[in-house]
Structure formats: structure tokens, C-alpha cells
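One structure below.
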Amino acid sequence: MKVLLLLGLVAVALGDITRFEGEKVFRLKPVLDEHVTVIKDLAKSIEVDFWRPESPELLTIDIDVDIRVSAIYLDMLYTILQQSDMEHEVLIEDLQTAVEAQADSGPTPRTHSYTKYNSWDKIQSWIASVSSSNPNLISRQVIGNTYEGRPMNVLKLGKKSSSTKPAIFLDCGIHAREWISTAFCQWFVKEALSTYGSDSQMTSLLDQMDVFVLPVFNIDGYDYTHKSNRMWRKTRSRRSGSSCIGADPNRNFDAGWCSLGASSNPCSDTFCGYTPESEIEVKNVAEFIRRNKSIMKAYITIHSYSQLLLFPYSYTYELAADHSELLKVAEGASAALRSLYGTRYTSGPGAATIYPAAGGSDDWAYDLGVKYSYTFELRDTGRYGFLLPESQIKPTCEETMLAVKYIAAYVQKNL
Ligand code: ARG
Ligand code: ZN
């Protein structure tokens, strides 16, 4: 009886997972205005998941466009591509195969692993154990709950001190499907704890400053990508009057909110939300940073994919007051990153480097007064996209550490 009941539950849970058989990811190369129109029209008539840029509003000519299309629309897409004579390539032949190929580093263990993509349950118990492991170096606090009621823990890394120390805020997992991002915050915490006392830079950083780490910003969305739909991006908030779920947390900050590169359509993947900070996760983070504004010296947020190091502004083409310094630090950080495995990053202000997109956390933090405000877009450049294999977690995190430590060292020198 018990066994039967258990099997029943498992079957239901499995039945809920979205599968991606026959779906493909294409890279389109629009070089004419007409091509852009064709892609936009396509997005209106069939279901297209934009991987890069994240929505049809952000399309322009001469940028690569990565899209996911389900099997039933492939014939139609091929016809349209032929008719418009648009150059394209297939990045992922079969998405379900790619989803399954992510876990290329052996079977999934029952416990947390730094070289695996961990479920929220594993990350949650990891948060509890890692924060009680070294009370002199790490503590945690809950900054609020998510929409679905999960606690948002911020880990504070730094040598205990009686006086308040200047600080850096680091978050991962604003977007649910960007799993390598979430893996990085866990890696950062591990490295900080294990190299304090031996690595002179980490030791001096944690002696002088505190680093606040939010391991998973959009926990509800992240959990949903594990349990139901691997390709989910937004939060999971609901509103009566709309059947569409969630808003884009990185369009929901109060920075030129919903003016550019964001959608007011609740069904869009770049929906800006009903008001700035309508998403409780955004509000919790914004309030925490506002409360600690006087000590916050840097804000670093981790996304994927594209290999970019971006800084303000994204809501306008205007250059930030600190543009040349921000650029100089970004270039230094990219060079440090590249020194390990040769991975190339492009750095620059968001609007000019990729596309204008308002309501982002980086612009918001900068305008609040947190001068060193950076957005990382980690590996890769599209071969695997959001489905970066687990075998790349270690090298990606190692190289990213060098860039983050470069920024931290610069901030520390310029306190
Ligand atoms: N791909 C990221 C996003 O669309 C880039 C964020 C850059 N910053 C920004 N404020 N738009 O969210
Ligand atoms: Zn993102």
C-alpha cells in the first residue's frame, strides 16, 4: 500500500515536468530591417522563447538572435527563413537531449555539490550548514520571504568586527533558468571560507569588508525550473485578472521603470511588473540595500549567458558619471578572467553593449549611490546557452572568481 502510494506520487511529479522533445534553438542573423520585422511577426503568430535578446522588443539588425521553437512550428520557421533569405544556424538540435546532457558530471548525488546544479532544497540545507560552519566568518539573516513563502537568506561573509564595515552585495539567480549563475554564489561562499587565512587577497578583503551574498534571488522561479519547466525566467507571482504568471525581476527595479526594453504585457518574459518593486523579492532586496546604503560600496549581480561584464546605464544611452572608471575596472576584471582559460568577455555600459533595458538592479543600485555596480553574463556564447553542462561549472566559477576578486580589490583600495 505504502509502495503504491509512493509510486503514484512520483508519477504525478514526473508528469508535471515540461519536456522539450524536438524543440530546437536557432541563431538568426538579421541584417536587414525586413529581417527584424519577419522575426517580430513570427513571434506574434507562433510561440517563440527568446533566449537572446530576451524579448522581441529588444530586436535590432546586426545582433544575433537566439530563439527556442517547438517542433510543431519548425516547418513554418524554415519556410519563413527561406523566403526572407535570413542567415541562421541551429545551436541546439534537440532541447530535451540538451537538458538531459547538462548533468555530464556523473549521477546526481543526494547531497549538495559545488560542481552540480543543486535543487533549492539542497541549497537551502547548504545555507543552513555553511552558515553555522564558521561563526567567525559567516552569518545569515532572512531579508523577507518570496511570493510563495520561501525565506530569502543573505549570507554575510567577513571577519567579525565591533564596528560596521564597508560592504559588497552579490546576488545570483535573478532569472530562474540561469543555473550557472546560482552555482557561482555557492562557489564564491566556499572559496571565501576555504581561502581565508591562506589567500592574502581574500583574507584582507574579509578583514576589511563584508560581502553579503544572496545565493538565489528568485527562489520560486528557480524551484519551478527544477520541478516543472526548465526554461522559466520570471518570478511566480499571480494577479487576478491575468492568467499569466510572474514578472521579470530585472525589469522591476525603480530605474527608468518600464520605459525601454521591457514589456507591460503580463505574459511577456520581460514583463516589468504592475509597479516598481511589485515583486516581493525585488522589494526585499531593494529594502535591504537601502537600509544598508551607507556601507554598500559595490553591487554585483550574476546572470548568464553571453560572456559580458556590464555596468550602468541600461535604461538610457547616456554615460554614467563614473563611466571611465567603471570601464577601466571592467576591463581589468575581464583580463583577469581571461588569464585563466582564455575566456573572452566584452565589457561596457548595458544599453550600448547589448540593448537598452530599464528596471534593472544594476542601474537602480548605481543611482542609489552604489558606485561600483556590475552585471556579469557568464558562459557561454550560445553553444549551450542556459543549458551549460555541469562539467563547465568549475572552470566557469574559477575564472569568474578572478574577475569578482579584481573588482573587490579595486573597491577595497579605493574605500
Ligand atoms: N541580460 C540581462 C537582462 O536582460 C542584462 C542586464 C543588464 N542590465 C540592465 N539593467 N538591463 O536582464
Ligand atoms: Zn538574466
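All letters in the sequence shown, in the order written, are residues -15 to -1, 1 to 400 by mature numbering (1 follows the signal peptide of the UniProt record, and there is no 0).
Ideal Cβ positions, reconstructed from N, Cα and C, are used throughout, including at glycine.
None of these values were measured; they are calculated from a predicted model.
Where do the N-terminal and C-terminal ends of the beta strand (DSSP E) with C257 fall, by residue?
The residue you call residue 257 lines up with position 272 of the sequence shown. Segment: none, C257 is in no beta strand (DSSP E) and carries neither H nor E.
Can G345 be considered in contact with the ligand ARG, in the sense that its beta carbon sits closer than 7 Å to one or more heavy atoms?
Translated into the one-based positions of the sequence shown, residue 345 becomes position 360. Answer for G345: yes, Cβ within range of the ligand ARG.
Can L44 be considered in contact with the ligand ARG, in the sense that its beta carbon sits closer than 7 Å to one or more heavy atoms?
The sequence position of residue 44 within the sequence shown is 59, counting from 1. No.
Can you round the beta-carbon distance between R12 and D51 to whole angstroms, since I take them to be within the 8 Å contact cut?
Taking the first residue of the sequence shown as 1, we reach residue 12 at position 27. Taking the first residue of the sequence shown as 1, we reach residue 51 at position 66. About 5 Å separates the two Cβ atoms, so the contact holds.
Bridge partners - Y207, DSSP secondary structure assignment:
Walking along the sequence shown from the start, residue 207 turns up at place 222. Bridge partners of Y207: none, in fact.
Assign C157 to one of three DSSP states: helix, strand, or coil.
Looking up residue 157 in the sequence shown gives position 172. Three-state DSSP puts C157 in a strand.
Contact the region 203 to 214 vs the region 145 to 156: 3+ CB pairs below 8 Å:
no
Please classify G226: is it buried, with 16 or more other beta-carbons within 10 angstroms of its beta-carbon, or exposed?
Mapped onto the sequence shown, residue 226 falls at position 241. The residue in question, G226, is exposed, as its Cβ has fewer than 16 Cβ neighbours within 10 Å.
Contact between the region 158 to 170 and the region 271 to 282 is defined here as three or more beta-carbon pairs at a separation below 8 Å; is this criterion met?
no
Give the straight-line distance between the Cα atoms of D208 and S104, rounded to the nearest whole angstrom.
On the sequence shown, position 223 is the one that residue 208 refers to. On the sequence shown, position 119 is the one that residue 104 refers to. One C-alpha to the other measures close to 7 Å.
Looking at N237 and the ligand ARG, is the gap between the Cβ and the nearest heavy atom below 7 Å?
Locating residue 237 in the sequence shown gives position 252, counting from the first residue. No, the beta carbon of N237 sits no closer than 7 Å to any heavy atom of the ligand ARG.
The beta strand (DSSP E) that contains H73, what's its start and end?
Numbered from 1 along the sequence shown, position 88 holds the residue referred to as residue 73. Start and end: E72 to I77.
Quick check: does the Cβ of D348 come within less than 7 Å of any heavy atom belonging to the ligand ARG?
Translated into positions along the sequence shown, residue 348 becomes position 363. Yes, the beta carbon of D348 sits closer than 7 Å to at least one heavy atom of the ligand ARG.
Which residue wins for smallest C-alpha separation from L199, given the options W172, R221, T180 and R236?
As a first step, residue 199 is located in the sequence shown; it is residue number 214 there, counting from the start. Closest by alpha carbon: W172.
Proximity test, E39 beta-carbon vs the ligand ARG heavy atom, cut-off 7 Å
Counted from its first residue, the sequence shown places residue 39 at position 54. True, at least one ligand heavy atom lies under 7 Å from that Cβ.
Please go through the same chain and pick out, in chain order, the residues whose beta-carbon is closer than 6 Å to the beta-carbon of D233, but skip the five residues on each side of it.
Your numbering for residue 233 matches position 248 in the sequence shown. The answer, listed in chain order, is K219, T255 and F256.
Residue closest to T210, alpha-carbon to alpha-carbon, out of V75, M187, A161 and D192
On the sequence shown, residue 210 is found 225 positions in, with the first residue counted as 1. Nearest C-alpha to T210: A161.
Taking the beta carbon of C382 as the centre, do at least 16 other beta carbons fall within 10 Å, making it buried, or is it exposed?
Counted from its first residue, the sequence shown places residue 382 at position 397. So C382 ends up on the buried side.
Should T131 be labelled buried (16 or more other beta-carbon atoms within 10 Å of its own) or exposed?
For the purposes of this step, residue 131 is taken as the residue at position 146 of the sequence shown. Its Cβ being crowded by 16 or more others within 10 Å, T131 is buried.
Taking 7 Å as the cut-off, is the beta-carbon of E362 closer than that to any non-hydrogen atom of the ligand MG?
No copy of the ligand MG appears in this structure; the ligands present are the ligand ARG and the ligand ZN.
Please name the residue, chosen from Y357, F296, D156 and T360, that lies closest to K141 on a Cα-to-Cα basis.
For this step, residue 141 is matched to residue 156 along the sequence shown. Ranking Y357, F296, D156 and T360 by Cα distance to K141 puts D156 first.
Rounded to whole angstroms, what is the Cα-Cα separation between V(-4) and Y99?
Counted from its first residue, the sequence shown places residue -4 at position 12. Counted from its first residue, the sequence shown places residue 99 at position 114. With a pLDDT of 45 at V(-4), under the threshold of 50, the modelled position of that residue is not reliable, and the figure given next carries that caveat. Their Cα atoms are separated by approximately 29 Å.
Could you have a look at W164 and say whether DSSP puts it in helix, strand or coil?
Your numbering for residue 164 matches position 179 in the sequence shown. Helix at W164.
Measuring alpha carbon to alpha carbon, tell me which of N121, L353, P374 and S249 ends up nearest E85.
As a working mapping, residue 85 is identified with position 100 in the sequence shown. Considering only alpha carbons, the answer is P374.
I want to check one thing, is the minimum distance from the CB of I339 to the heavy atoms of the ligand ZN below 7 Å?
Looking up residue 339 in the sequence shown gives position 354. I339: no, Cβ never under 7 Å from the ligand ZN.
Could you give the first and the last residue of the continuous beta strand (DSSP E) run that contains N130?
By one-based count along the sequence shown, residue 130 stands at place 145. Looking at the DSSP string, the run of the beta strand (DSSP E) that includes N130 is I123 to N130.
Please state whether DSSP places L66 in a helix, a strand or coil.
Position 81 of the sequence shown, counted from the start, is the residue given in the question as residue 66. In the structure shown, L66 sits in a helix (DSSP, three-state: H, G or I).
Any heavy atom of the ligand ARG closer than 7 Å to the beta-carbon of A232?
Translated into the one-based positions of the sequence shown, residue 232 becomes position 247. Result no, Cβ not under 7 Å from the ligand ARG.
Consult DSSP for Y391 and reduce its assignment to one of helix, strand or coil.
Locating residue 391 in the sequence shown gives position 406, counting from the first residue. Note: Y391 maps to helix in three-state DSSP.
How far does the beta strand (DSSP E) with L288 in it extend, from its first residue to its last?
Taking the first residue of the sequence shown as 1, we reach residue 288 at position 303. Here residue 288 is His; the residue named in the question, Leu, does not match the sequence. H288 -> beta strand (DSSP E) spans M281 to S289.
What I want to know is whether the C-beta of H160 ends up closer than 7 Å to one or more non-hydrogen atoms of the ligand ZN.
By 1-based counting over the sequence shown, the position of residue 160 is 175. Answer for H160: yes, Cβ within range of the ligand ZN.
Stretch pair the region 315 to 328 + the region 267 to 276: three plus CB contacts closer than 8 Å
no
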